[in-house]
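For the sequence shown, numbering that gives the first Met the number 0 begins at 0 and goes up steadily by one. Written out below as structure tokens is the structure these notes cover.
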Amino acid sequence: MGDINADILRSHSYPTTAILNTLALAGTRLVSDIPTRVTSKSATCIDIIAVNEDIVVKAYQVIPRATSDHFPVTSLIVASTPEKLQPIVKRSFNKVDFSALSNRVAQIDISNCDSSSPDDLLNYWQTSFIDILDEFAPIRKFPMRRHRSPWLNGEIRELIKHRDYLAKQVHKFPSPILEADLKIAKQRVKSRIRREAKEQGSTALTSRNPTDAWNFIKSATFTAKGGDDILPPLLTLNNHFASVVQAAQDAPLTAPSGCDKEDCFQFSTLTPRQVQKALRSLKSTSAPGHEKFPGFLLKNLAEAIAPNITHIYNSTFLNNIFPNTWKMADIRAIYKQKGSKTDPNNYRPISVLPILGRTLEKLAAAQLYQYCELNSILPPEQFGFRKHSSCEMALLSATESCLEALDQGSYVGALLIDLSKAFDTVPHQRLLVELLNIGCSSDTTVWFCNYLSDRLQRVILYDEVTTWLDVSRGFPQGSGLSPLLFNIFVRKLPQNCTSKVFQFADDTTLMAADSSLTAVADILTDSFNTTKEFCDSHNLNINTNKTQLIVFKASGKKLPDDFHLTLNGCIIKPQPTVKLLGLTLDHHLTFGPQIDNVVSKCNGLLGMLARAAPYLPKELLKLTYTAVIRTHLEYCSSLYLSVAKTHLKKLDIIQKKAARVIYQVRNDTHAGPLLILLGLDSLKDRREAHITKLFKSFHSGKSHPAMASFADVLPDGSLAIRQSRTSLGRKRPSVVGATIYNHRHADSSETEDL
Numbered sequence: 000m001g002d003i004n005a006d007i008l009r010s011h012s013y014p015t016t017a018i019l020n021t022l023a024l025a026g027t028r029l030v031s032d033i034p035t036r037v038t039s040k041s042a043t044c045i046d047i048i049a050v051n052e053d054i055v056v057k058a059y060q061v062i063p064r065a066t067s068d069h070f071p072v073t074s075l076i077v078a079s080t081p082e083k084l085q086p087i088v089k090r091s092f093n094k095v096d097f098s099a100l101s102n103r104v105a106q107i108d109i110s111n112c113d114s115s116s117p118d119d120l121l122n123y124w125q126t127s128f129i130d131i132l133d134e135f136a137p138i139r140k141f142p143m144r145r146h147r148s149p150w151l152n153g154e155i156r157e158l159i160k161h162r163d164y165l166a167k168q169v170h171k172f173p174s175p176i177l178e179a180d181l182k183i184a185k186q187r188v189k190s191r192i193r194r195e196a197k198e199q200g201s202t203a204l205t206s207r208n209p210t211d212a213w214n215f216i217k218s219a220t221f222t223a224k225g226g227d228d229i230l231p232p233l234l235t236l237n238n239h240f241a242s243v244v245q246a247a248q249d250a251p252l253t254a255p256s257g258c259d260k261e262d263c264f265q266f267s268t269l270t271p272r273q274v275q276k277a278l279r280s281l282k283s284t285s286a287p288g289h290e291k292f293p294g295f296l297l298k299n300l301a302e303a304i305a306p307n308i309t310h311i312y313n314s315t316f317l318n319n320i321f322p323n324t325w326k327m328a329d330i331r332a333i334y335k336q337k338g339s340k341t342d343p344n345n346y347r348p349i350s351v352l353p354i355l356g357r358t359l360e361k362l363a364a365a366q367l368y369q370y371c372e373l374n375s376i377l378p379p380e381q382f383g384f385r386k387h388s389s390c391e392m393a394l395l396s397a398t399e400s401c402l403e404a405l406d407q408g409s410y411v412g413a414l415l416i417d418l419s420k421a422f423d424t425v426p427h428q429r430l431l432v433e434l435l436n437i438g439c440s441s442d443t444t445v446w447f448c449n450y451l452s453d454r455l456q457r458v459i460l461y462d463e464v465t466t467w468l469d470v471s472r473g474f475p476q477g478s479g480l481s482p483l484l485f486n487i488f489v490r491k492l493p494q495n496c497t498s499k500v501f502q503f504a505d506d507t508t509l510m511a512a513d514s515s516l517t518a519v520a521d522i523l524t525d526s527f528n529t530t531k532e533f534c535d536s537h538n539l540n541i542n543t544n545k546t547q548l549i550v551f552k553a554s555g556k557k558l559p560d561d562f563h564l565t566l567n568g569c570i571i572k573p574q575p576t577v578k579l580l581g582l583t584l585d586h587h588l589t590f591g592p593q594i595d596n597v598v599s600k601c602n603g604l605l606g607m608l609a610r611a612a613p614y615l616p617k618e619l620l621k622l623t624y625t626a627v628i629r630t631h632l633e634y635c636s637s638l639y640l641s642v643a644k645t646h647l648k649k650l651d652i653i654q655k656k657a658a659r660v661i662y663q664v665r666n667d668t669h670a671g672p673l674l675i676l677l678g679l680d681s682l683k684d685r686r687e688a689h690i691t692k693l694f695k696s697f698h699s700g701k702s703h704p705a706m707a708s709f710a711d712v713l714p715d716g717s718l719a720i721r722q723s724r725t726s727l728g729r730k731r732p733s734v735v736g737a738t739i740y741n742h743r744h745a746d747s748s749e750t751e752d753l
């Protein structure tokens with residue numbers, strides 16, 4: 000605060016602009032621009048009080064007094080004092096005898112419950128379960144403890160004290176001898192910290208719990224989450240998320256009459272063995288819902304709780320009732336990494352449902368999915384959330400179709416359609432009709448009707464919670480049933496399209512090929528209109544402003560500057576690159592921009608690896624590289640097999656850099672021997688091994704149905720090589736993959752003969 004001699008009223012003049020920028024960088028704001036120096040000819044605001052962004056200003060006043068040509072400025076702010084750290088309230092399982100706990104839990108007999116309702120059975124079991132937990136692991140208060148670096152032991156702390164003492168002596172009595180001693184002390188501290196860190200890293204690597212190694216890697220690479228970003232007010236988030244999932248007309252759901260034929264879908268009775276297996280497969284770190292039963296506890300007690308939980312699960316199928324407590328979701332707001340952090344639209348709501356409820360959903364989804372596969376209910380155009388399917392297969396199929404058309408001399412237009420909040424806006428009543436149409440029995444539709452009814456959600460952050468609000472449409476993002484139900488809901492989208500359709504959950508791509516750009520535009524426009532009609536009838540909203548267009552073409556062909564599509568009143572112009580399922584596609588399918596993006600990201604990660612190198616043993620550094628960096632180099636690597644060597648060389652350079660970082664040698668050191676010592680195969684060999692494995696799955700039937708056409712098996716076990724007209728045709732995944740497969744197949748046959 001003070002007389003700054005810069006007129007705030009003239010914000011675009013110098014030095015006012017510099018002052019305002021400085022205040023903004025300091026995280027402060029001006030409350031008012033009332034003139035503070037007023038004369039007969041001018042009025043300026045040069046006396047200010049700037050306050051921190053988080054400070055509440057109750058009053059700000061300029062007092063016109065004649066004692067000076069500058070008016071006094073007063074500001075009344077609300078002072079806050081740091082709150083006393085509250086203890087952590089939780090159960091401690093450190094000294095629990097799990098064998099005794101398991102025996103007690105197994106003795107719970109829910110047959111003593113007076114009711115057969117799933118809600119009553121679950122409440123009876125939970126009450127008994129909580130009583131036992133209160134006995135074995137009572138809720139206690141634990142003091143907040145300051146985080147300490149794991150490798151700062153007593154010896155290192157003494158060295159640090161000695162170093163700090165010498166630093167003070169040098170400051171008071173400068174001398175060459177003391178400065179030399181201080182330099183040695185600093186080196187000793189740094190060397191001892193690094194040695195202790197490496198020893199602890201080696202211990203973590205050999206631990207039976209793989210989480211120990213990863214936690215150590217995160218702490219050493221400075222990637223451990225230090226705390227949550229500042230979120231918008233939880234009440235604002237809660238109201239915003241609820242407004243998205245609340246239907247305009249909140250009419251009660253009614254279950255339509257289902258199919259009662261012998262081959263209709265009906266939930267089968269679960270066995271304790273199935274439930275125990277599902278509980279055993281839980282992740283120990285699974286986030287618990289509002290019931291607060293941790294994943295590791297349910298996993299360890301799987302055998303003891305399986306009989307009672309199985310009885311409850313089967314009761315839900317028998318009574319067509321899904322327990323209300325399992326319909327209540329805690330919402331975690333996840334920032335989308337784009338846009339203002341104060342805008343609730345830039346956060347994704349992730350539903351954390353009770354673990355036992357999620358397990359039931361997964362078991363129910365497995366039965367429904369098996370029925371859908373046997374009856375071919377899901378179209379081959381849908382690649383998302385299916386067994387033996389992946390983003391890579393969707394991209395392979397789309398690239399194959401595109402290159403095949405380019406080989407015939409056609410243009411290929413692709414329209415990437417953006418659906419706004421697709422999972423959150425599905426109308427429940429329409430979904431029940433779709434379940435009826437695929438052949439669900441009357442009891443099953445009633446079960447789903449109850450499952451979708453009376454759902455609640457709230458936003459939470461640590462111990463801070465908001466009120467429960469109703470959910471009357473959409474699926475919880477985090478539910479075991481949501482992905483399959485969405486696939487069923489949109490299964491008919493491709494039927495009426497005149498273009499090819501590639502779906503991955505709510506990502507929909509329309510693709511049209513023709514030698515005439517006008518024909519391509521007409522086909523895409525017609526398909527878009529058909530898709531929009533389908534979405535409108537299903538209450539799904541297409542965001543035309545975010546819909547992208549790209550035209551793939553041979554390098555010798557030109558695209559008119561005025562080429563565009565007019566869709567729903569919006570002009571969509573073709574882009575040189577688009578991003579589809581995490582892969583950057585350029586209009587010549589060179590994959591150069593994709594590789595440049597990957598290299599840029601990996602170079603940043605290599606910097607992280609280099610910072611951690613002094614603190615991690617080589618084994619952990621190698622593990623960090625293969626898990627964190629090489630995964631980026633190999634995402635959808637089967638599409639790189641026909642890419643120019645100049646691009647692929649950039650990926651090889653990343654691996655060579657990583658080898659030098661792991662061994663902490665000079666940047667000009669030959670990397671070949673280092674890669675051999677680390678046992679890292681070349682990226683080319685790994686790509687070829689990967690495509691060979693993929694093609695084996697294609698012709699063995701253990702892949703997405705659309706991939707069966709990729710592999711034509713000859714009598715000798717090799718694959719047929721398809722003919723091509725141009726070099727683009729020879730770059731098709733089916734051609735390159737079959738060639739590599741045959742080469743490796745021949746090598747393996749020769750090895751067997753020897």
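Where a beta carbon is used, it is the ideal one built from N, C-alpha and C, also for glycine.
If you count every other CB in all the chains shown that lies within 10 Å of the CB of residue i, and 16 or more means buried, which is it?
{"i": "K572", "result": "exposed"}
{"i": "F141", "result": "exposed"}
{"i": "A626", "result": "exposed"}
{"i": "G678", "result": "exposed"}
{"i": "H706", "result": "Checking the displayed sequence, the identity of residue 706 turns out to be Met instead of His. Counting Cβ neighbours within 10 Å, M706 comes out buried, since at least 16 surround it."}
{"i": "I18", "result": "buried"}
{"i": "K94", "result": "exposed"}
{"i": "Q456", "result": "buried"}
{"i": "T398", "result": "buried"}
{"i": "L806", "result": "Outside the shown range of the chain, which is 0 to 753, sits residue 806, and nothing can be said about it."}
{"i": "F503", "result": "buried"}
{"i": "Y624", "result": "buried"}
{"i": "C569", "result": "exposed"}
In whole angstroms, give me the CA-to-CA distance for residue i and residue j.
{"i": "A78", "j": "L579", "result": "50 Å"}
{"i": "S350", "j": "A328", "result": "5 Å"}
{"i": "I320", "j": "Y450", "result": "7 Å"}
{"i": "T497", "j": "S206", "result": "57 Å"}
{"i": "S641", "j": "Y410", "result": "20 Å"}
{"i": "T543", "j": "L509", "result": "14 Å"}
{"i": "T691", "j": "T576", "result": "29 Å"}
{"i": "E194", "j": "D180", "result": "It is Arg, not Glu, that sits at residue 194 in the sequence shown. Each residue's Cα considered, the two are about 21 Å apart."}
{"i": "T507", "j": "K337", "result": "22 Å"}
If you follow the alpha helix (DSSP H) that residue i is in, where does it begin and where does it stop?
{"i": "V188", "result": "P175 to L204"}
{"i": "G412", "result": "From DSSP, G412 is part of no alpha helix (DSSP H) but of the beta strand (DSSP E) over Y410 to I416."}
{"i": "N596", "result": "G591 to A611"}
{"i": "P271", "result": "P271 to R279"}
{"i": "K760", "result": "The structure shown does not extend to residue 760, since the chain is modelled only from 0 to 753, so the question has no answer here."}
{"i": "I155", "result": "G153 to K171"}
Since residue i is in the beta strand (DSSP E), which residue starts that stretch and which ends it?
{"i": "C569", "result": "C569 to I571"}
{"i": "L509", "result": "D506 to D513"}
{"i": "K140", "result": "I138 to F141"}
{"i": "L468", "result": "L468 to V470"}
{"i": "K578", "result": "T576 to L579"}
{"i": "R103", "result": "Careful: R103 lies outside any beta strand (DSSP E), inside the alpha helix (DSSP H) at F97 to A105."}
Return the Cβ separation of residue i and residue j in integer angstroms, given the expectation that the two are a contact with Cβ distance under 8 Å.
{"i": "V50", "j": "T73", "result": "Not confirmed; about 13 Å, so no contact."}
{"i": "L548", "j": "L414", "result": "6 Å"}
{"i": "A25", "j": "P14", "result": "Not confirmed; about 16 Å, so no contact."}
{"i": "I304", "j": "P117", "result": "I304 to P117, Cβ: 16 Å. No contact."}
{"i": "L468", "j": "A241", "result": "4 Å"}
{"i": "R686", "j": "S637", "result": "7 Å"}
{"i": "T444", "j": "P255", "result": "6 Å"}
{"i": "L233", "j": "V458", "result": "5 Å"}
For the ligand GDP, any of its heavy atoms closer than 6 Å to the Cβ of residue i?
{"i": "T398", "result": "Among the components modelled here there is no ligand, and therefore nothing to report on the ligand GDP."}
Just to confirm the assignment: which complete alpha helix (DSSP H) runs, minimum length 4, are found wholly within the segment 423 to 447? The segment 423 to 447 contains these whole alpha helix (DSSP H) runs: 427 to 436.
I'd like the ranges of any alpha helix (DSSP H) spanning at least 4 consecutive residues and lying wholly in the segment 615 to 642. 617 to 623 and 629 to 632
In chain order, which beta strand (DSSP E) runs of at least 3 residues are fully inside the segment 483 to 560? 499 to 503, 506 to 513 and 547 to 551
If we require 3 or more residues per run, which beta strand (DSSP E) segments fall completely within the segment 352 to 387? none
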